[in-house]
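Quick note on numbering: this note's numbering labels position 41 of the sequence shown as 55, and the sequence is numbered without any gaps. Each residue gets a CB set at the ideal place from its N, CA and C atoms; glycine is no exception. Just so it is clear, the structure is predicted and the values come from calculations on it, not from any experiment. Reading through the structure tokens given below for one structure.
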Amino acid sequence: MNILIINTAFDNANYIVVKDDTIYDCTTDSSSKHSETSLLHIDELLEKAKVSVNDLDIICVNVGPGSFTGIRIGVALTKGIYCGNPNLKIISFNSFEPIAFANKHAKNICIQASKDDYYVADCENGTITKKYILENDLCKRLENVVFFDNIFQTKDLVNYVQDRINRNAFNDINETNPLYLKLSQAEKELLKKEKK
Numbered sequence: 015m016n017i018l019i020i021n022t023a024f025d026n027a028n029y030i031v032v033k034d035d036t037i038y039d040c041t042t043d044s045s046s047k048h049s050e051t052s053l054l055h056i057d058e059l060l061e062k063a064k065v066s067v068n069d070l071d072i073i074c075v076n077v078g079p080g081s082f083t084g085i086r087i088g089v090a091l092t093k094g095i096y097c098g099n100p101n102l103k104i105i106s107f108n109s110f111e112p113i114a115f116a117n118k119h120a121k122n123i124c125i126q127a128s129k130d131d132y133y134v135a136d137c138e139n140g141t142i143t144k145k146y147i148l149e150n151d152l153c154k155r156l157e158n159v160v161f162f163d164n165i166f167q168t169k170d171l172v173n174y175v176q177d178r179i180n181r182n183a184f185n186d187i188n189e190t191n192p193l194y195l196k197l198s199q200a201e202k203e204l205l206k207k208e209k210k
């Protein structure tokens, strides 16, 4: 089984190819622009694994929340690859799910959204029950919380994806869309103009 995992939701991106039991991965930092380097990293990993895009069985993508542009890049890459290989199975996951899966004790997960607030998920036994935005000071009052540092570990992503595969928990490509918990700056500006 050949799997491609794409996470471009944060400054640090993850690209992972799993061929049978062998993992080929690349984690980039904020100096690497996803829009310029994503295809290059994916191509390099596929070449190392000796897998073509047409040989892929499953493609997995983080749909957010996170960087608005990064999320759109990951979703667009997934849909583009799917167009060339419509037999692919799709796993779209939100940013909280692999963290909750790796930290089943956590009651909340917090991901920095801006300098003022966090994306927050309520969790129960590794499952997300609610997603919302919370101000910094309120987030710091939560108990049993995991503060995510915007860097996924390869093993956490692979373990989460393997669990989804084992449960046959796939998504329809038409349901694979960006998950935004807050308005983009452009949407905020548009609302301001409309109110005037």
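Residue of the options minimising C-alpha distance to residue i
i      : options                           : result
Asp43  : Asn173, Lys145, Leu195 and Phe166 : Phe166
Glu149 : Thr168, Tyr38, Val159 and Gln126  : Gln126
Asn68  : Asn99, Pro192 and Val75           : Asn99
Lys64  : Ser106, Asn21 and Met15           : Met15
Asp186 : Lys209, Val89 and Ile147          : Val89
Leu193 : Asp25, His119 and Gly78           : Gly78
Ile19  : Leu70, Asn117 and Lys62           : Leu70
Thr22  : Lys207, Leu171 and Asn188         : Leu171
Ile113 : Lys93, Asp131 and Val175          : Val175
Ser140 : Val160, Asn101 and Lys129         : Looking at the sequence itself, residue 140 is Gly, so the reference to Ser does not match. Nearest C-alpha to Gly140: Val160.
Lys196 : Phe184, Lys209 and Ser128         : Ser128
Asn173 : Asn182, Ala200, Leu156 and Phe115 : Phe115
Asn117 : Phe162, Leu156, Ser45 and Gly94   : Phe162
Neighbourhood of residue i by C-beta, 6 Å cutoff - its chain only, sequence neighbours within 5 removed
i      : result
Ile17  : Val32 and Ile72
Arg178 : Ile105
Lys209 : none
Residue i, buried or exposed, once every other Cβ within 10 Å from all chains shown has been counted against 16
i     : result
Ser52 : buried
His55 : buried
Whole-angstrom C-beta distance between residue j and residue i, which should lie under 8 Å
i      : j      : result
Lys145 : Phe110 : 7 Å
Ile123 : Val134 : 7 Å
Bridge partners - residue i, DSSP secondary structure assignment
i      : result
Leu148 : Tyr132
Val89  : For Val89, which the question treats as bridged, DSSP gives no partner whatsoever.
Glu111 : BP columns for Glu111 are empty, so no partner.
Asp39  : Ile30
Gln126 : Tyr132
Ile56  : Paired residues: none, contrary to the question.
Lys103 : Ile72
Phe82  : None, per the DSSP bridge assignment.
Cβ shell of residue i (< 8 Å), same chain only, five flanking positions each side left out
i     : result
Asp39 : Asn28, Tyr29, Ile30, Val31, Leu59 and Thr168
Ser49 : Thr83 and Ile87
Close-in-space but distant-in-sequence residues of the same chain around residue i (CB under 7 Å, 5 per side omitted)
i      : result
Asn191 : Val77 and Val89
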